[in-house]
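S.K.: First the structure, then my questions, so here it is.
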Amino acid sequence: MIFFPIGFSNFSSSPLVLHSEPLFAEKGVRLYIKRDDLLCPQEPSGNKWRKLAYNLFEMNAQKKKRVLTFGGAYSNHLAAVAAAGKQYDFETIGVVRGETTDASNATLLTAEHNGMQLHFVDRQQYSKKYHANFLDSLRDQYGDFYLLPEGGTNRFAMKGASEIVAETRRQLGYAPDFFCLPAGTGGTAAGMIGALEKGQKVVAISVLKGDFMWSEIERLLCEFRPGASYAGQYVVQNNYHFGGYAKWTLPLIHFIEEMRDLHGLPLDPVYTGKSFYAVWDLARKDFFPRGSTVVALHTGGLQGLAGFRERFHLL
Ligand SMILES: *Cc1c(COP(=O)(O)O)cnc(C)c1O
15 MIFFPIGFSN FSSSPLVLHS EPLFAEKGVR LYIKRDDLLC PQEPSGNKWR KLAYNLFEMN
75 AQKKKRVLTF GGAYSNHLAA VAAAGKQYDF ETIGVVRGET TDASNATLLT AEHNGMQLHF
135 VDRQQYSKKY HANFLDSLRD QYGDFYLLPE GGTNRFAMKG ASEIVAETRR QLGYAPDFFC
195 LPAGTGGTAA GMIGALEKGQ KVVAISVLKG DFMWSEIERL LCEFRPGASY AGQYVVQNNY
255 HFGGYAKWTL PLIHFIEEMR DLHGLPLDPV YTGKSFYAVW DLARKDFFPR GSTVVALHTG
315 GLQGLAGFRE RFHLL
């Protein structure tokens, strides 16, 4: 593989757009939307591209020519890795949690079309995916590979995500008070927290049910910025999961439709629908002090909409 870094040095920044709406005017809050969904004209885009780019440099440095990674049947990460493999001409293997019967959904069909080899495993096997025996058996079958963890989160991914902070500051001319974004593995949030200036805060909206996200981000930060302290510079919102990962309710769907119809803003029900819902709700509840500047990060993930429409005939 020759990874020619179209990214980064001659990467265009994603647009930063001022969002005007009476709610925010009334609350004295300036809201900007950072459109990482528009970072690249095609997949891989969004936070998945931010997380992949330095991994591709690293893979190149290690002289590996195939990536193996993990995900569920509707994974934005698998979609992004497959698209990157096609674009930069390296082999991709996706270990998918589930049965081959899931293989007909839009995400996996597109991944296969982009040349990804799919390897299906049941839930039990999937839960042991990082065990040495399993990885060895995959190496026997596919040859040596660059291993990317589920969701693509590692220190190279955090480095890529961290660049959002400085990029936004350049665009705005000053450092915004808050960055709000959805958290799945927490890798994007941890990367951004590791780049904050004093006084800035990240609000990570967990799209999973449970209260483990804060410690998960803490753990990732220790890996990314050993010894540094970001105490008080991030909060996790655990009340906007809408039932759990990839679960949804009608109020969430209505919010997504309203954003699309009133503002032309496309959101998905797994990540950005939930995080934007949270930003609106937090503004209503006076979470953001008057006079503050809030940047809501649109992390992308719109490829998942096709699968959602297939399954539920909504949106
Ligand atoms: C994967 C994904 C996330 C979660 O990112 P993490 O770094 O795993 O927290 C958020 N938004 C979108 C659109 C995603 O695809």
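Start counting at 1 in the sequence shown, then tack on 14, and there's your number in the numbering used here.
Ideal Cβ placement from N, Cα and C applies to all residues, glycine included.
The structure displayed is predicted, hence computed values, not measured ones.
1. Could you tell me if the beta carbon of THR124 falls within a distance shorter than 7 Å of some heavy atom in ligand 1?
2. Quick check on the burial criterion: 16 or more other C-beta atoms within 10 angstroms. Buried or exposed for TYR144?
3. Looking at C-alpha atoms only, which residue of TRP294, MET206, ALA94 and ARG184 is the closest neighbour of THR124?
4. Assuming LEU82 contacts TYR156 under a Cβ cut-off of 8 Å, what Cβ separation, rounded to an integer in Å, is found between them?
5. Is ALA197 near ligand 1, judged by its Cβ being under 7 Å from some heavy atom?
6. With HIS268 as the anchor, note down where its alpha helix (DSSP H) starts and where it stops.
7. Would DSSP call SER220 helix, strand or coil?
8. Taking DSSP as the reference, what is the three-state secondary structure of GLY21?
9. Measuring straight from C-alpha to C-alpha, what distance separates ASP116 and PHE84?
10. With a 10 Å radius around its C-beta and 16 neighbouring C-beta atoms as the bar for buried, classify SER141 as buried or exposed.
11. Using a threshold of 7 Å, is the CB atom of GLY121 nearer than that to any non-hydrogen atom of ligand 1?
12. To the nearest angstrom, how far is it from the Cα of ARG64 to the Cα of ALA171?
13. Report the residue from GLU237, GLN56 and TRP294 whose alpha carbon sits nearest the alpha carbon of TYR46.
14. Alpha carbon to alpha carbon, how far is LEU234 from GLY166?
15. Flag this pair as yes or no: are the beta carbons of GLY315 and TYR285 separated by less than 8 Å?
M.R.: In short, the structure shows the following:
1. The residue labelled residue 124 in the question sits at position 110 within the sequence shown. Not under cutoff, so the answer is no.
2. Stepping through the sequence shown from its first residue, residue 144 is reached at position 130. Counting Cβ neighbours within 10 Å, TYR144 comes out exposed, since fewer than 16 surround it.
3. Within the sequence shown, the letter at position 110 stands for residue 124. When each option's Cα is compared against that of THR124, the closest is ALA94.
4. Position 68 of the sequence shown, counted from the first residue, corresponds to residue 82. Position 142 of the sequence shown, counted from the first residue, corresponds to residue 156. Rounded, the Cβ-Cβ distance is 7 Å, consistent with contact.
5. Against the sequence shown, residue 197 aligns to sequence position 183. Indeed, a heavy atom of ligand 1 lies less than 7 Å from the Cβ.
6. Within the sequence shown, numbered from 1, the residue matching residue 268 stands at position 254. Residues 264-277.
7. Translated into positions along the sequence shown, residue 220 becomes position 206. In the structure shown, SER220 sits in a strand (DSSP, three-state: E or B).
8. As a working note, residue 21 is residue 7 in the sequence shown. With a pLDDT of only 45 at GLY21, under the threshold of 50, the placement of this residue in the model should not be trusted, and no figure is reported.
9. Position 102 of the sequence shown, counted from the first residue, corresponds to residue 116. Position 70 of the sequence shown, counted from the first residue, corresponds to residue 84. Their backbone Cα atoms lie some 15 Å apart in a straight line.
10. Here residue 141 is taken as the residue at index 127 of the sequence shown, counted from 1. Result: exposed.
11. As a first step, residue 121 must be located in the sequence shown, where it is residue number 107. Residue identity check: residue 121 is Thr in the sequence provided, not Gly. No, since every heavy atom of ligand 1 falls outside the 7 Å radius drawn around the Cβ of THR121.
12. Within the sequence shown, numbered from 1, the residue matching residue 64 stands at position 50. Within the sequence shown, numbered from 1, the residue matching residue 171 stands at position 157. Cα to Cα, ARG64 sits roughly 7 Å from ALA171.
13. Taking the sequence shown and counting its residues from 1, the one referred to as residue 46 is at position 32. Ranking the options by Cα distance to TYR46, first place goes to TRP294.
14. For this step, residue 234 is matched to residue 220 along the sequence shown. For this step, residue 166 is matched to residue 152 along the sequence shown. If I take the Cα positions, the gap works out to 13 Å.
15. Numbered from 1 along the sequence shown, position 301 holds the residue referred to as residue 315. Numbered from 1 along the sequence shown, position 271 holds the residue referred to as residue 285. Closer than 8 Å, so yes.
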